[in-house]
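This report concerns only the one structure given below.
Protein chains: 2
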Amino acid sequence: MTDSGNSTLERIYRYPTIKAEELEVICKAHEKICFKKNEYLLKEGQISNEYYCLEEGLIRAFATSTEGKDVTTGFFSPNEIVIEVASLFLRLPTKENIQTITDCVGWKISLDSFQQLFQSIPGFSEWGRNWMTDVLFTTKQHSLTMITDSATERYLTLQKDHPEIILQAPLKYIASYLGITDTSLSRIRKEAARLQVIK
Amino acid sequence: MTDSGNSTLERIYRYPTIKAEELEVICKAHEKICFKKNEYLLKEGQISNEYYCLEEGLIRAFATSTEGKDVTTGFFSPNEIVIEVASLFLRLPTKENIQTITDCVGWKISLDSFQQLFQSIPGFSEWGRNWMTDVLFTTKQHSLTMITDSATERYLTLQKDHPEIILQAPLKYIASYLGITDTSLSRIRKEAARLQVIK
DNA sequence: AAAATGAATTGTCATATGGCAAGAAATACA
DNA sequence: TGTATTTCTTGCCATATGACAATTCATTTT
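Listed in order, the protein sequences are those of chains A and B.
The working numbering numbers the first residue of the first sequence as 30 and each following residue consecutively.
The working numbering numbers the first residue of the second sequence as 30 and each following residue consecutively.
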């Protein structure tokens with residue numbers, strides 16, 4: 030790590046059973062990294078060797094459907110970890126792509142460094158389990174939402190919880206993330222705007 | 030553990046970095062348990078304190094939607110771990126219910142015992158990360174499938190990958206798991222049967 | 001600034017799935 | 001064994017979303 034007292038890393042790794050000096054060791058294992066808009070951090074077929082702590086910008090993950098269409102599977106906002114868990118931890122060629130939507134600034138850490146921290150700092154492996162639990166919860170939540178909520182509700186929820194995505198991501202990415210076409214999202218957005226005015 | 034050489038537990042916990050004697054310690058931390066059909070292993074609002082390794086039977090997890098409807102979020106088959114990760118590891122009241130679909134036999138382990146194994150056996154915490162990675166992958170896959178595949182395709186995939194669910198679970202549970210109504214699934218099933226005959 | 005490229009909107013029509021209710025079948029109960 | 005209850009099927013119609021194409025709007029490039 031080049032800077033000291035980095036707030037992105039400290040926020041991400043803050044955890045009850047991680048001591049101050051351990052936190053510093055963890056932060057020092059990261060290296061600053063910048064990406065330009067539309068740059069790929071990971072491409073389908075590659076085996077991921079690192080992950081990133083995002084400080085500025087917006088990133089998306091997407092998979093290719095059987096019919097060859099892009100489907101955005103997730104967004105990454107500042108202070109989140111940009112990672113393809115399955116490829117990094119199971120050492121498998123990924124089926125996902127990770128691509129920046131805007132210029133980005135973040136902190137990179139290699140799998141090797143991560144493994145060392147995971148084995149040498151007990152609090153860190155607890156943190157890891159906890160982080161993974163959060164990710165799993167969010168993923169299940171998104172999946173449930175796809176079943177229980179209408180497309181309009183899903184859009185409004187995303188707007189409320191992650192306005193930065195609505196503001197920065199192209200409509201087509203948001204649409205496929207919500208499980209609808211860009212045409213439908215355009216209409217939903219129009220209708221939502223109309224309702225806002227009335228209210 | 031009461032029996033020796035239990036194949037369900039050994040299958041579940043087999044992992045390269047877990048030694049034979051460690052595997053035995055892990056298995057011994059489990060206790061045999063039986064459930065009757067329709068019994069609840071966890072109810073919405075409770076904090077989960079244990080998980081189960083299923084040997085025989087079929088189990089489902091379900092959440093209650095905003096409109097008060099049951100939505101089946103997952104099924105558990107033999108040799109799988111029956112768990113509500115978020116509640117068990119984050120110590121939060123669960124939003125899910127876990128209920129048997131048939132009479133079941135399995136092996137129970139408490140969070141305390143799990144924590145001890147997690148901290149004392151390095152290979153076990155790696156196993157844990159790996160297991161969680163698999164669960165996350167499966168969950169993401171299901172979520173993606175809900176977007177990219179039609180209801181019919183989702184049904185056929187489930188039938189191929191988990192025929193035991195199709196055979197044992199009531200239609201309405203399968204339907205909500207696939208994100209459709211029982212009415213629609215009944216029609217889809219009829220059409221699928223017709224196609225089988227033709228082929 | 002002009003041209004070119006890509007993104008978003010809108011119209012028309014098609015279709016998959018849902019809502020509701022009635023009837024049939026299966027299962028549980030007593 | 002007969003009755004009650006739940007589960008499954010089917011018909012009818014409503015509706016949300018998709019497919020495709022044309023147009024407008026925005027952004028990038030030269």
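Virtual Cβ for every residue (Gly too), placed ideally from N, Cα, C.
Scanning its chain for C-beta atoms nearer than 7 Å, with the 5 sequence neighbours on each side dropped, one finds around Ile138 of chain A the residues Ala58, His59, Glu79 and Tyr80, in chain order.
Taking a cut-off of 8 Å for Cβ pairs, the stretch 170 to 184 of chain A and the stretch 158 to 178 of chain B touch, as three or more such pairs fall below it.
Across the stretch 117 to 138 of chain A, CB contacts with chain B closer than 8 Å involve Phe118 and Leu119, in sequence order along the chain.
Tyr202 of chain B carries a helical assignment under DSSP once its states are collapsed to helix, strand and coil.
The three-state secondary structure of Gly103 of chain A, taken from DSSP, is strand. Distance from Phe64 of chain B to Asp163 of chain B at the Cβ level is roughly 24 Å; contact not present, criterion being Cβ atoms closer than 8 Å. Proximity to Val111 of chain B across B:Lys98, B:Val134 and B:Leu121 peaks at B:Val134, based on C-alpha coordinates. For the stretch 169 to 200 of chain A, the set of positions with a beta-carbon nearer than 7 Å to some beta-carbon of chain B reads Lys169, His171, Ser172, Leu173, Met175, Ile176 and Thr177 in chain order.
At least one beta carbon of chain B lies nearer than 7 Å to the beta carbon of Thr162 of chain A. By DSSP's assignment, Asn35 of chain B forms no beta bridge with any residue.
Neighbours of Pro151 of chain B across chain A, judged by C-beta separation under 8 Å: Gln148. Taking 7 Å as the cut-off, the Cβ atoms of Leu146 of chain B and Ile55 of chain B count as close.
Neighbourhood of Val114 of chain B in chain A, by CB distance below 7 Å: Thr162 and Leu165, in chain order. Between the C-alpha atoms of Tyr44 of chain B and Ile150 of chain A there is a straight-line separation of about 22 Å. For Ser154 of chain A, at least one C-beta of chain B is nearer than 7 Å to its own C-beta. Within chain B, the residues whose beta carbon sits less than 7 Å from that of Ala92 of chain A are Leu173, listed in sequence order.
With fewer than 16 neighbouring CB atoms inside 10 Å of its own CB, Leu196 of chain A falls in the exposed class. CA-CA distance, Pro122 of chain B to Leu70 of chain B, rounds to 14 Å. Chain A places a beta carbon closer than 7 Å to that of Gly208 of chain B, counting this residue as a contact. Within 10 angstroms of the beta-carbon of Gln148 of chain B lie fewer than 16 other beta-carbons, which makes it exposed. Assignment of Leu121 of chain B by DSSP, reduced to helix, strand and coil, places it in the coil class.
Judged by their CB atoms, Glu39 of chain A and Ser106 of chain A are not nearer to each other than the 7 Å cut-off.
Within chain B, the residues whose beta carbon sits less than 7 Å from that of Gly157 of chain A are Arg158, listed in sequence order. Partner residues in a beta bridge of Thr212 of chain A, as assigned by DSSP, do not exist.
Taking all protein chains shown into account, Ser36 of chain B has fewer than 16 neighbouring C-beta atoms within 10 Å of its C-beta and is therefore exposed.
In the displayed model, Glu53 of chain A falls within a helix according to three-state DSSP. Distance check between Phe104 of chain A and each of A:Glu53, A:Gln188, A:Thr95 and A:Phe118 places A:Gln188 closest, using alpha-carbon atoms only.
In the structure shown, Gln75 of chain A adopts coil according to DSSP, grouped into three states. The beta carbon of Met161 of chain B is closer than 8 Å to those of Val114 in its chain, skipping five residues each way along the sequence. Listed in chain order, the non-local C-beta contacts of Asp211 of chain B below 7 Å within the same chain comprise Leu200, Lys201 and Ala204, local neighbours out to five positions each way being set aside. Ile127 of chain A carries a strand assignment under DSSP once its states are collapsed to helix, strand and coil.
Taking C-alpha positions only, Thr181 of chain B is separated from His171 of chain B by approximately 14 Å. Neighbours of Val111 of chain B in chain A, taken as residues at a C-beta separation under 7 Å, are lacking, since the least C-beta distance is about 15 Å. Ala49 of chain A and Ser154 of chain A have their alpha carbons spaced roughly 16 Å apart. For Leu140 of chain B, same chain residues with a beta-carbon under 7 Å away, outside a window of 5 residues either side, are Asn78, Glu79 and Leu117 in chain order.
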